[in-house]
Amino acid sequence: MSVADTPITAVMDYPRRDAKDKLLGRTRYTVDRADANTLHAVLFRSQIAAGRIVRLDIEAARRAPGVRAIVTAADAPGPFGIGIADHRIFASHIVRHHGEPIAAIAADTVAQARAAVRLIEIEIEPLPALLTMQAALDPDARIIHPEWKDYNILLEGAKRGGNVAWEATVERGDTDLAFAREDVTIVEGCYRVGRQSHVPFEPRAVIARYEDGRYNIETSTQVPWTVRSVTARALGVPESFVRVTVPAVGGGFGLKFDCTLEPYAAILARKAGRSVSLVNSRREEQLSCLCRENAEIRIRSAVTADGEIVGREATVLMDCGAYGGEQVFLTTMTAHTLGGNYRLGAVKLASRAVYTNTQPNGAFRACNGVYNTFALERHTNEICKAIDMDPIEFRRRNVIGDGDLGATGQVFEGDVLRPMLERMVDKHPYGVGREPADDGWLRGRATTVGTWFIFVGPSAATVNLNADGSATLVTSGVEIGSGSMMQSLPQIVAAQLGIDPDAVIVKSADTDASGRDLGVGGGRQTVSLGAASTAACAEVREKLLAVAGELLQADASRLILKEGRVAVVGGGASIALTDVIARAEATQGPISGSGAFTAPGVASMPGCAAGHFIDAIDIPVFAVHDCELDVEVATGRIVIRNYRVIQDVGRAINPRAVRSQVQGGVVQGLGYALHEEITINEEGFFDQSGFETYRIPLAEDVVPVELEMFEGAPSIGPLGTKGAGEVPILNVGATIACAVANATGKPVSELPLTPPRVLALLRDRAGKIDFDHIGRNWRDNVIA
Amino acid sequence: MTVEFELNGEPVRYHGDPRTSLLQVLRETYWLTGAKAVCEEGFCGACTVHVDGEAVPSCLRPVGLVSGASVTTIEGFAVPHTPHALQRAFEEHDVVQCGMCFPGMVMSLSKLLEDNPAPTREEVKRGLVGNICRCTGYERIVDAVMSLQHNSGARP
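Shown next, in the form of structure tokens:
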């Protein structure tokens, strides 16, 4: 089969094979898998945000009815983390956030475990809690991790110190010169966002067993290999002692991109000698959510009259909570998002993960890209206002195109954003056929651009060809709901082997069966696992065609795989795949192939990025969003009238599935833009502990998203694919904010745009945001 | 205490605290895990079942109050091998993502269609006020429901 045929045969609206059982209520998620013999675990958590543990007495709890095991810090001493090993699963001497686990109990029933938890006696001497980044960055602030200098560094090159867990910087060119130019206008703005909670319908949940000297962990995760390594580190055992399997996952959105509950269940299972289930109640799921972090941003730019951005300086403070977690990695993404979209002259960026005495944060669909794009696009429109240039024209002139340099000096390939932007405004011209808003309402529209990336990195795949002509694909992929395990992966393998996708069996993740993988997230499953699967298929094809060539007396290069047969190109002889497989089994044994993929590594400019995990992005993804909305003057209520997306998808191999992801992702973004926000009270815990107080979008809140897929942009993904599931949320906050600013004429600097916040803007009660703790002089914001 | 009721067409006797939620009894006593415990506050609808022909969130219904009633869960809703037209429409329109909300969606919307076989889009959306989905952004769910009107021959 010529390679050119493969994309065509792979592209289809292949339906999901898991839909029927999900609709019949038969799918068993991790939360559905406990049985009568399973013990149930509950965590004992700190009820204050900061303090010293003076006394912990678990004896009464140990003797409580039904209790089978109880564990504390002494049972799980190992530190872990991303970039720095600053985290342990239990607080031992110091409590750093409200809800921090101190002990875990397994009992016959959940009620017994809860009752036993109440018998734990603890004395904590309170310390002043640093609940905001401003408080944590005060020069006189208490150090939340006094032992920070002794932590094991897992990635070298970043500056750290005080309550700054991690600092990533970019310095390219001389911004001082740029800002000193006489022909520039200097525009400056500050932006702020709150935390967003994922609210996956299946909370984090795990069932662990200890069998034959190994930990067997069945869990609701996006990252089986991270769970394996972190559990091993936490428990101080070799990684090979831990096996992770993953059933259907009831939603993740990034929350399950980290190891959380698994080590507790594992260690309790070992102690109790029984299987142990640990499932977050909704309240716990909400209060311990590894949210999209709250952030504070200062950005300033020097721009010429014709719109050239000659200098840009920005500082982004990201609240990582009490431990570094994903925010340490995510400091990297400021360069590629806030520093993205536009060609820049000189640039200085600082991205700092700041420790506070709050619940740690995590990864959430497009992560900090979402608020960095909000800040950047609002700032861009402020620039346009200051230099009196049309925002579309400004973007047309400045968006990154073929051969342009990104913030870290990487050279971008292909003109993607500009044609996407032009297509949007050509299709929906400004100022044409617009009805005026009703009395009492203001109407606004905005068009924004966004840059995100595909998180590549290691993936492995094995393809076993079966005697019946079917193929089994073995990877560490997980079906979290996006459909990539059900649709794109079988489609890719089927196209490579010339068989029906129904004949591709897709094994769910089992770290004992499959090779290492970074997990499902960052839009990587179709790309990275797809590429590894394609490589595995290449080996299968080579072996298969060699045998078929003998049988058909033709050179392997003249053979194609199609509809379950091997045929000579241009018609003529053919043979059933099953006959070739039978022949192979008789002469050399069953056919299988293995394949691998990793980040190819794109060059950046040496020396301009420090503390970054990724200096340049291997696969950029672009999006153009456009929204028209109405703002009710009397109430501050926002009503979305229409929402349009042009998304760079590389190649859509399942267009219908891509549409589903875009609709779902935009709606999550509308929640973020309009009303979703976790707030932290003076005791240091979340005000929103459930569905009553944390409102997520309802059916009546949404509109159908008009999507146009932009195909053909360069991608190293298999068949030219890019991940399509993560990026739809990227510029929703930006677009809504810019449209509200256009409607009201007011400077929107904060999300979400709740009615009270919009009213405050309309009535000029919302003061301009400024941050004392982020200096105007960029140098003051970084560790010397 | 004993509570007698009919569960998916069979008489059952539950022995235990009558204040226990019907949801918990279904999941932990009868191992019927199709109704999902998501918010457990009556907001999300993922635990919706039919009690005497009415769609109710089983998390808010103490099992003592279903004494003598007929309870149908997602497991007992469709005849095996012949899913309800609504389930078929969801499958055909590729609506499902993570799937956690769908048993409840099916139980609620099947009742809505019984009461109003030809709803408008707005009526379908209003009918979903007690059923939340975090994955799909809803529109395709509504598309699937609307398709049943254009394809009424397929309805049971």
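The listed protein sequences derive, respectively, from chains Z and L.
Each position in the first sequence, counted from 1, maps to that position plus 9 in the numbering used here.
Each position in the second sequence, counted from 1, maps to that position plus 337 in the numbering used here.
Don't be surprised by glycine CBs; every beta carbon is placed ideally from N, CA and C.
Given the structure is predicted, the values throughout are model-derived calculations rather than measurements.
*asked:* Counting only Cβ-Cβ distances shorter than 9 Å, please list the residues of the stretch 40-68 of chain Z near chain L, keeping chain order.
replied: Val40, Asp41, Arg42, Ala43, Asp44 and Ala45
*Kindly list, in the order they appear in chain Z, the residues whose Cβ is closer than 7 Å to that of Ala415(L).*
Leu33
_DSSP three-state assignment for Glu343(L), whether helix, strand or coil_ = strand
_For a test of the three-state rule: what should DSSP assign to Arg35(Z), helix, strand or coil?_
coil
*Bridge partners - Leu728(Z), DSSP secondary structure assignment*: Beta-bridge pairing links Leu728(Z) to no other residue.
*How about Ala125(Z) and Ala70(Z): do their beta carbons lie closer than 8 Å?*
Taking the C-beta atoms as reference points, Ala70(Z) is found nearer than 8 Å to Ala125(Z).
*Shortest alpha-carbon distance to Arg72(Z) belongs to which of Val63(Z), Phe99(Z) and Gln121(Z)?*
Gln121(Z)
*Cβ-Cβ distance between Gly34(Z) and Gly371(L) below 8 Å*: Result yes, Cβ atoms of Gly34(Z) and Gly371(L) sit closer than 8 Å.
_At the 8 Å Cβ level, is Glu717(Z) part of the contact set with chain L, yes or no?_
Look at Glu717(Z): its C-beta is not under 8 Å from any C-beta on chain L.
*Give a yes or no on whether the C-beta atoms belonging to Asp526(Z) and Thr484(Z) are separated by under 8 Å.*
yes
*Kindly say whether Ala492(Z), judged by its beta-carbon, lies nearer than 8 Å to any beta-carbon of chain L.*
In the sequence on display, residue 492(Z) carries Gly and not Ala. Gly492(Z) has a beta carbon lying within less than 8 Å of a beta carbon in chain L.
*Look up Phe719(Z) in the DSSP assignment and say whether it is helix, strand or coil.*
strand
*Can you find a C-beta in chain Z that's less than 8 Å from the C-beta of Lys373(L)?*
yes
*Under 8 Å Cβ-Cβ, which residues of chain L neighbour Cys472(Z)?*
Looking at the sequence shown, residue 472(Z) is not Cys but Val. The contacting residues do not exist; Val472(Z) stays about 25 Å from chain L at best.
*Secondary structure at Lys326(L), three-state DSSP: helix, strand or coil?*
One cannot answer for residue 326(L) here, as it falls past the ends of chain L, which runs 338 to 493.
*Hey, Gly732(Z) and Gly466(Z): beta-carbon distance below 8 Å or not?*
no
_Cutting at 6 Å between CB atoms, please list the residues of its own chain near Phe266(Z), excluding the five before and the five after it._
Counting only Cβ-Cβ distances below 6 Å, and skipping sequence neighbours, we find Gln231, Val232, Ala372 and Gly530.
*Are there 16 or more other CB atoms within 10 angstroms of the CB of Leu580(Z), so buried, or fewer, so exposed?*
Correcting the residue type first, residue 580(Z) is Gly in the shown sequence and not Leu. The Cβ neighbour count for Gly580(Z), taken over all protein chains shown within 10 Å, is under 16; the residue is labelled exposed.
_Rounded Cβ spacing between Val458(Z) and Asn350(Z) (contact assumed at less than 8 Å)_ = 5 Å
*May I ask you to report which of helix, strand or coil DSSP gives Tyr224(Z)?*
strand
_Within chain L, partners of Glu402(Z) - CB distance below 7 Å_ = Those do not exist, as Glu402(Z) stays about 32 Å from chain L at its closest Cβ, beyond 7 Å.
*So which residues of chain Z does Thr323(L) contact, with C-beta pairs closer than 9 Å?*
Examination of residue 323(L) is not possible in this model, given that chain L is present from 338 through 493 alone.
*Grab the span of the alpha helix (DSSP H) containing Tyr364(Z) for me, first residue to last.*
Here Tyr364(Z) belongs to no alpha helix (DSSP H); instead the beta strand (DSSP E) covers Ala355 to Tyr364.
*Backbone CA spacing between Leu65(Z) and Ile392(Z) [nearest angstrom]*: 57 Å
_For Val675(Z) and Arg54(Z), what's the separation of their Cα atoms in angstroms?_
35 Å
*Check whether the Cβ of Ala274(Z) sits closer than 7 Å to any heavy atom of the ligand FMN, and report yes or no.*
As far as ligands go, the structure on display features none, and thus does not contain the ligand FMN.
*Excluding the five sequence neighbours on either side, which residues of its own chain have a C-beta within less than 6 Å of the C-beta of His782(Z), listed in chain order?*
Excluding positions up to five away in sequence, the list reads Gln143 and Leu146.
*Please name the residues in the stretch 464-478 of chain L whose beta-carbon is closer than 7 Å to at least one beta-carbon of chain Z, in chain order.*
Look at the stretch 464-478 of chain L: the residues with a C-beta under 7 Å from a C-beta of chain Z are Leu465, Val466, Ile469, Arg471, Cys472, Thr473, Gly474, Tyr475, Glu476 and Arg477.
*Any chain B beta carbon closer than 8 Å to Gln424(L)*: Annotation note: the requested chain B is absent from the structure, which comprises protein chains Z and L.
*asked:* Within 10 Å of its beta-carbon, does His487(L) have 16 or more other beta-carbons around it, so buried, or fewer, so exposed?
replied: Result: exposed.
*Please list the residues of the stretch 279-291 of chain Z that have a C-beta atom closer than 7 Å to any C-beta atom in chain L, keeping them in chain order.*
Those residues of the stretch 279-291 of chain Z placed with their C-beta closer than 7 Å to a C-beta in chain L are Arg291, ordered along the chain.
*Over what stretch of residues does the beta strand (DSSP E) that includes Lys516(Z) continue unbroken?*
Unbroken beta strand (DSSP E) run through Lys516(Z): Val513 to Lys516.
_Inter-residue spacing [alpha-carbon to alpha-carbon] between Val400(L) and Arg242(Z)_ = Rounded to the nearest angstrom, the gap between the Cα atoms of Val400(L) and Arg242(Z) is 44 Å.
*Between Gln434(L) and chain Z, is there a C-beta pair that is closer than 8 Å?*
yes
*Sorted by chain position, which residues of the same chain lie with C-beta nearer than 6 Å to Arg541(Z)'s C-beta, five sequence neighbours on each side aside?*
It should be noted that the sequence gives Ala, not Arg, for residue 541(Z). Within the same chain, Ala541(Z) has close Cβ partners Ser468, Ala469, Ala470, Gly604, Ala605 and Phe606.
*Burial state of Ser11(Z) (16 or more Cβ within 10 Å)*: Residue placement at Ser11(Z) is flagged as unreliable, the pLDDT there being 41, under the threshold of 50; a coordinate-derived value is accordingly withheld.
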